[in-house]
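Chains as they are written, first to last, in my numbering: chain G, 344 to 535; chain P, 16 to 159.
Working notes, structure below.
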């Protein structure tokens, strides 16, 4: 009798012991994404609604919607670092002289960095659509590296900084190809 | 002698060039027992510690860790966990790549970033029994 109870408890324990996945609502109004359990037979179990949960035993995946998020998961998500912030700096064309309005933005960046332990500052260069993709990739990383130098001179720690060139892939304003545009020739500073 | 000097100079050049390429993310917070295992060595963690592909994030009974990656992905590692950063490739210019994480035990909270958006199932999470494709964005994996 006691043996049967122990076996029942063991079975129950194994039932609980399978890995779980839980899809949460998107962050701060962002849409909920999707999580897909890819099974060996090529089948997919799609979780695409908030609080859909998959229990993934070795041979069997079961999906259900949970009523609420466990407190332990709430504590877990509270451990996440805050989302990155993005700032845009504008310079006198062809120079590393910051426009006066960007000075205030630089102060915001400084405060943001100070509030994040282990902060990183990624300087991302963007171009307009004049010229070839390759030239714009080169130009954007040159620009980002130049501005990284400006930030080092402004007292930002070297080891927190990195330079990335995005070329013309992410325009601020959609212009079509080969259009000069001052708003697209910009440097974005991502603090994370 | 000259060969040695050339070699030393090359080694210095490589060593100073490699961190920028090798770095995939950084630890942003840690509490309790938490460490990074790299090639069998146990590294102490603190905010700002750089992570590389292949690193294993390990926490004890009361341990937790917050991590960000260069593509904007964010991780929360819960207590009693072991999470391996199996594959991380990211083209910073094109912002495309591949990211495979193994949750060997414990719990992992995720907000996905650019890699997950760069292609179908470009970001994957493995558990001892399953493989998941990440199509965005916030989720929890628990491996008891």
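For each residue, glycine too, the CB sits at the ideal point set by N, CA and C.
Worksheet entry | Beta-carbon proximity list for residue 70 of chain P, same chain, < 6 Å, skipping 5 on both sides | Here the question's residue 70 of chain P lines up with position 55 in the second chain. Taken in chain order, the residues that qualify are 51, 53, 100.
Item to complete: Identify which residue in P/144, P/132, P/64, P/103 has its Cα closest to the Cα of residue 502 of chain G.
Response: The residue given as residue 502 of chain G occupies position 159 in the first chain. Checking every option, the nearest Cα to that of residue 502 of chain G belongs to P/64.
Worksheet item: At which residues does the alpha helix (DSSP H) containing residue 365 of chain G begin and terminate?
Response: Locating residue 365 of chain G in the first chain gives position 22, where the first residue counts as 1. Residue 365 of chain G -> not in any alpha helix (DSSP H); beta strand (DSSP E) instead, spanning 363-366.
Worksheet item: I think residue 422 of chain G touches residue 124 of chain P, with their Cβ atoms under 8 Å apart; what is that distance to the nearest whole Å?
Response: Translated into the one-based positions of the first chain, residue 422 of chain G becomes position 79. Translated into the one-based positions of the second chain, residue 124 of chain P becomes position 109. Yes, residue 422 of chain G and residue 124 of chain P are in contact; Cβ-Cβ is about 7 Å, under 8 Å.
Worksheet entry | Buried versus exposed call for residue 34 of chain P [16 or more other C-beta atoms within 10 Å across all chains shown] | Here the question's residue 34 of chain P lines up with position 19 in the second chain. Residue placement at residue 34 of chain P cannot be trusted, given a pLDDT of 41 that sits under 50; what the coordinates show is reported in the next sentence. The residue in question, residue 34 of chain P, is exposed, as its Cβ has fewer than 16 Cβ neighbours within 10 Å.
Item to complete: Whole angstroms is fine: what's the gap from residue 498 of chain G's alpha carbon to residue 429 of chain G's?
Response: As a position in the first chain, residue 498 of chain G is number 155, starting the count at 1. As a position in the first chain, residue 429 of chain G is number 86, starting the count at 1. Computed Cα separation, rounded: 19 Å.
Worksheet item: Under three-state DSSP, which class holds residue 477 of chain G?
Response: Mapped onto the first chain, residue 477 of chain G falls at position 134. If DSSP states are grouped into helix, strand and coil, residue 477 of chain G belongs with the helices.
Worksheet item: Mind pulling the chain P residues with CB within less than 7 Å of residue 515 of chain G?
Response: Within the first chain, the letter at position 172 stands for residue 515 of chain G. Ordered by position in chain P, no residue passes the 7 Å Cβ test against residue 515 of chain G, which lies about 16 Å from the chain.
Worksheet item: If you draw a straight line from the C-alpha of residue 78 of chain P to the C-alpha of residue 465 of chain G, how long is it?
Response: On the second chain, residue 78 of chain P is found 63 positions in, with the first residue counted as 1. On the first chain, residue 465 of chain G is found 122 positions in, with the first residue counted as 1. Cα-Cα distance, rounded: 29 Å.
Worksheet item: Which residues in the same chain have their Cβ closer than 6 Å to the Cβ of residue 362 of chain G, if we skip the five residues on either side of it in sequence?
Response: By 1-based counting over the first chain, the position of residue 362 of chain G is 19. Result list for residue 362 of chain G: 399, in chain order.
Item to complete: Please confirm if the region 508-524 of chain G is in contact with the region 444-453 of chain G, defined as three or more CB-CB distances below 8 Å between the two stretches.
Response: no
Worksheet item: Rounded to a whole number of angstroms, what is the C-alpha to C-alpha distance between residue 105 of chain P and residue 483 of chain G?
Response: Within the second chain, numbered from 1, the residue matching residue 105 of chain P stands at position 90. Within the first chain, numbered from 1, the residue matching residue 483 of chain G stands at position 140. For residue 105 of chain P and residue 483 of chain G, the distance between alpha carbons rounds to 18 Å.
Worksheet entry | Integer Cβ distance of residue 112 of chain P from residue 377 of chain G, believed to fall under 8 Å | Taking the second chain and counting its residues from 1, one reaches residue 112 of chain P at position 97. Taking the first chain and counting its residues from 1, one reaches residue 377 of chain G at position 34. No, residue 112 of chain P and residue 377 of chain G are not in contact; Cβ-Cβ is about 19 Å, not under 8 Å.
Worksheet item: For the candidate residues G/505, G/456, G/402, whose alpha-carbon lies nearest to that of residue 427 of chain G?
Response: Within the first chain, residue 427 of chain G is the residue found at index 84, counting from 1. For the residues G/505, G/456, G/402, the minimum Cα distance to residue 427 of chain G belongs to G/456.
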